[in-house]
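Just so you know, the sequences run in chain order A and B. In case it helps, the working numbering puts the first sequence at residues 1 to 240. In case it helps, the working numbering puts the second sequence at residues 1001 to 1248. Using N, Cα and C, we set each Cβ at its ideal position, and we do this for glycine too. Bear in mind the structure is a predicted one, so any value in this text is a computation, not a measurement.
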Amino acid sequence: MTPPAIAFEDVAVCYESPGPGVLEGVSLVVGHRERVALVGRNGSGKTTLLKAAVGLVPHRGLIHVGGRRLDRHSLGEIRRQVGFLFNVPEDQLLFPTVEEDVAFSLLRRGMPASEALIRAREVLADLGVASLAEAPVHHLSHGEKQRVALAGVLVTGPELLLLDEPSASLDPVGRRSLALLLGRLDTAILLATHDLEFARTVCSRFLVLDGGRVCLDTEDPGRVARWWAERMPADHRGPI
Amino acid sequence: MRTSWHRLWGSATGPVRSLCPPTRLGAGLLVLAAYLSSPVPSVPGTLWALVVLGAWVVAIRPPLRLVGAGLLLGLALFLPYFLLVPWVSVPEGGGVREALAVPAAVIIRGIGGILICGATLASLTASDLREALVRLPIPAIVTAILLQIVHQTATLASETGAVAAAWNLRGATGRGRGAVALARALPRVWLPRVASRAERVGEAMAIRGYAEADPAPLRSCRPGGRDRVALGLAVLSLVVSLWIWGAR
């Protein structure tokens, strides 16, 4: 039986001790090739949960990625099999040109440079940004940086994608095309967002995180919309 | 984002641009060493230093605005050394001429050094710099750090520009109290932003395994006859500088 893409068991994160926990007793499972949206308000712990999944923040509890327990021995291997898209794409673009940045992910895995460049161009073409292959990353728009960062993640064929607010700062066209693109992928996705419309297009299951805890786990986006509506100020309530 | 820092890279149009990236960087370093080791302000040393500087700038042909900016920066940085002339200790019997020689040497070396470095950078794109560094006998971690310094500088410039624009918009610039408020707020506003960015980039490096992988060249580059001539001339310039220095 294929193990779940990722499983959190009673995970807690506390940045300052003593102090309130950012995450408290979070338990959830994302199945093989399942697409799950992690929805919640700003500061609800979505990004922290994603970072905990790749060992970027210290946590209590258990995290298994692809059936393998996350600890300091498995950290490197797990990071190699997970694709992580940061909230600010330019933070993860570490090379001067687009193709070099995308190819790096493959070079790191031992692929020869000539093959890595060819594969990088193929993925860039899949994402509709082949024309940017030789462009300096500092010359790209936010949406283009988002796609290039995603290309750097997808080029290795990760088994699990962790996406932190991928639709933030994208215009409606960019948001829609990114949603369609993610929808075509054949991989498990855990997507942190407060963009419910985007989450609906990409995911089939929705988790609501509030105050560091999972307070709703549903396949019905309508329930999430109602949850949001209940938290709106009284004079702004209406359909979302 | 387009910053002048980023536009500087690869902006030269001279024949040096056609050489292999490691040749460009290696020759640039040799020319810099030749320039700095030439004994200025002695007449032969200064003349040879100017010949080396002029030849390198002509061979690279960087944009004129880069040369102008380098000159201005050099003057701003090094001209104040002349204010120290009254305190320079000169040998017994020495006069103003000997006292002026010290800041003059600092200025000549400083400005020339800036121009040689600027021109060398203009002969390389950021990708060329990577290709050059990974082929030179430099420890991998030093290469990785140097490349990130260059890469993140443009981002930092953009971040600084955003802070400056926000201040400008909110009227915190100008003279008097506005300028004082600006100076006092600078470390508290700019530094946390930069620190936060550095933290996020560090996380991205950890996830992508940036420090784990030894940097490898991406493109093939076979040095030809022109590369050998360029390196030979650069070595020769260093030898001549050392000879003049020894013959003083």
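Annotation: the continuous beta strand (DSSP E) that includes residue 37 of chain A extends over 35–40.
DSSP, reduced to helix, strand and coil, places residue 159 of chain A outside both helices and strands of the structure shown, so it counts as coil.
Interface annotation for the stretch 136–170 of chain A against chain B: 136, 138 and 139, criterion Cβ-Cβ distance under 7 Å.
A Cβ-Cβ separation of about 5 Å places residue 151 of chain A in contact with residue 124 of chain A under the 8 Å criterion.
For residue 1012 of chain B against residue 1127 of chain B, the beta-carbon gap comes to about 15 Å, at or over 8 Å, which does not count as contact. Its chain contains 204, 205 and 206 as the residues whose beta carbon lies nearer than 8 Å to that of residue 219 of chain A, once the 5 sequence neighbours on both sides are disregarded; these appear in chain order. By the 16-neighbour rule on beta-carbons within 10 angstroms, residue 1089 of chain B is exposed. Using a Cβ-Cβ cut-off of 7 Å, residue 117 of chain A is close to 1218 of chain B, given in chain order. Annotated three-state conformation of residue 82 of chain A is strand, per DSSP. Minimum Cα-Cα distance from residue 111 of chain A among the listed residues B:1046, B:1217, B:1241 and B:1246 corresponds to B:1217. Per DSSP, the unbroken beta strand (DSSP E) holding residue 25 of chain A starts and ends at 23–30. Taking 8 Å as the cut-off, the beta carbon of residue 1039 of chain B is found closer than this to the beta carbon of residue 1244 of chain B. Taking C-beta separations shorter than 7 Å and ignoring five residues to either side along the sequence, the partners of residue 1231 of chain B in its chain run 1023, 1026 and 1027, following chain order.
In the pairwise beta carbon analysis, the stretch 1112–1120 of chain B is classified as not touching the stretch 48–55 of chain A: fewer than three pairs are separated by under 8 Å. Here the alpha carbon of residue 1138 of chain B sits roughly 19 Å from the alpha carbon of residue 1125 of chain B. With a cutoff of 8 Å on beta-carbon distance, residue 1008 of chain B and residue 1064 of chain B are scored as not near each other.
Under the three-state reduction of DSSP output, residue 1151 of chain B falls in the helix class.
With a contact defined as Cβ atoms closer than 8 Å, residue 1208 of chain B and residue 74 of chain A miss out at about 17 Å.
In this model, residue 144 of chain A and residue 129 of chain A are separated by some 8 Å (Cα to Cα). Between the C-alpha atoms of residue 31 of chain A and residue 83 of chain A there is a straight-line separation of about 16 Å.
Taking a Cβ-Cβ cut-off of 8 Å, the neighbours of residue 91 of chain A in chain B comprise 1197, 1200, 1201, 1203 and 1204, given in sequence order. The C-alpha of residue 1203 of chain B is placed about 44 Å away from the C-alpha of residue 1229 of chain B. Taking 8 Å as the CB threshold, residue 1162 of chain B stays off the interface with chain A. In terms of Cβ geometry, residue 37 of chain A and residue 193 of chain A form a close pair [threshold 8 Å].
For the options A:160, A:92 and A:146, the alpha carbon positioned closest to that of residue 4 of chain A is the one of A:160. Nearest in C-alpha terms to residue 1104 of chain B, of all of B:1081, B:1132, B:1206 and B:1120, is B:1081. Pairing residue 11 of chain A with residue 63 of chain A gives a Cβ-Cβ distance under 8 Å. Of the candidates A:76, A:228 and A:71, A:228 places its Cα closest to the Cα of residue 197 of chain A. Sequence-distant partners of residue 59 of chain A (beyond 5 residues in either direction) whose C-beta falls short of 6 Å from its own C-beta, in its chain, are 11, 13 and 52. The beta carbons of residue 166 of chain A and residue 140 of chain A sit about 16 Å from each other, so the pair does not count as a contact at 8 Å. For residue 9 of chain A, the enclosing beta strand (DSSP E) has its first and last residue at 6–13. One alpha carbon belongs to residue 1154 of chain B, the other to residue 1164 of chain B, and they sit about 15 Å apart. At a cut-off of 8 Å between C-beta atoms, residue 1154 of chain B counts as an interface residue with respect to chain A. Taking 4 residues as the shortest admissible run, the stretch 104–175 of chain A contains the following complete alpha helix (DSSP H) segments, listed from N- to C-terminal end: 113–126 and 142–154.
Between residue 1200 of chain B and residue 101 of chain A, the gap from beta carbon to beta carbon reaches 8 Å or more.
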